[in-house]
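Scroll down for the structure; my scribbles are underneath it.
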Ligand SMILES: Cc1cc2nc3c(=O)[nH]c(=O)nc-3n(C[C@H](O)[C@H](O)[C@H](O)COP(=O)(O)O)c2cc1C
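In my numbering, the protein residues as written are 71 to 301.
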């Protein structure tokens with residue numbers, strides 16, 4: 071395998087294209103077309119009515135690999151509330167994306183915005199820059215975020231100096247109790263704490279839940295909906 075910290079002409083061209091996109095995304099923060107055509111859940115037409123100066127771009131990153139995930143269900147309730155409030159919301163399920171591990175080449179440290187790998191993270195990084203509100207939804211695995219979320223987190227490194235002034239919400243589910251929620255949310259806050267001017271806005275959680283499908287009809291679900299409504 072070639073030294074990944076050295077850019078070939080092809081890599082360079084791809085990088086310049088990606089950087090152009092990143093800059094566009096950074097400048098046009100509230101521009102909905104950035105989201106067009108992606109394999110994500112997009113807002114229904116009626117929820118896209120606007121425009122309003124208070125309308126925000128909300129991006130949900132969900133890392134549970136299972137379909138009846140509680141942490142994702144909480145983020146869905148948040149999405150329902152946020153759409154009702156008139157915001158533009160998208161959800162990305164990491165399990166449906168091709169995301170490689172960070173190789174630690176450090177190319178992004180000397181060349182912010184550049185990543186030596188070309189996979190689905192490029193589009194996700196653009197969406198993160200364009201979002202004003204981010205929701206990180208993860209199951210609790212061994213008192214922390216799960217592996218899928220951690221792989222994603224490491225691949226955000228190319229833009230960590232560009233991510234500024236975002237609101238963050240966290241959504242977690244665990245079999246244990248509050249201490250498991252706290253330790254896993256703390257593991258996520260170490261990540262978001264590395265961005266300039268980012269604010270922790272709220273935590274959605276459900277405890278005592280080994281099984282999925284446990285959010286419907288719970289107070290935790292209602293609270294997540296209300297949080298979205300007030301995002
Ligand atoms: C590999 C693995 C590790 C887990 N570790 C913990 C843990 O440390 N603490 C805990 O309370 N629950 C733990 N659980 C249980 C999950 O947190 C629980 O099933 C949760 O509801 C999954 O969230 P999800 O429905 O969003 O996928 C673990 C489950 C798995 C599969």
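Just so you know, even glycine gets a beta-carbon here, dropped at the ideal spot from N, CA and C. On a predicted model such as this, the values are computed, not experimentally measured, just so you know.
Kindly examine ligand 1 and report whether one of its heavy atoms sits closer than 8 Å to the Cβ of residue i.
i	result
residue 246	yes
residue 273	no
residue 158	no
residue 211	yes
residue 163	no
residue 237	no
residue 276	yes
residue 150	no
residue 290	no
residue 250	yes
residue 207	yes
residue 142	yes
residue 135	yes
residue 287	no
residue 146	no
residue 267	no
residue 284	yes
residue 257	no
residue 279	yes
residue 300	no
residue 138	yes
residue 186	no
residue 264	no
Taking DSSP's pairing of strands, which residues face residue i in a bridge?
i	result
residue 237	203 and 269
residue 129	160 and 204
residue 275	242
residue 143	The partner list for residue 143 (beta bridge, DSSP) is empty, contrary to what the question assumes.
residue 211	214
Can you tell me the Cβ-Cβ gap for residue i and residue j, rounded? I've got them flagged as a contact below 8 Å.
i	j	result
residue 205	residue 131	7 Å
residue 219	residue 208	4 Å
residue 268	residue 236	5 Å
Does at least one heavy atom of ligand 3 sit under 8 Å from the Cβ of residue i?
i	result
residue 180	Absent from the structure shown: ligand 3. Ligands present: ligand 1.
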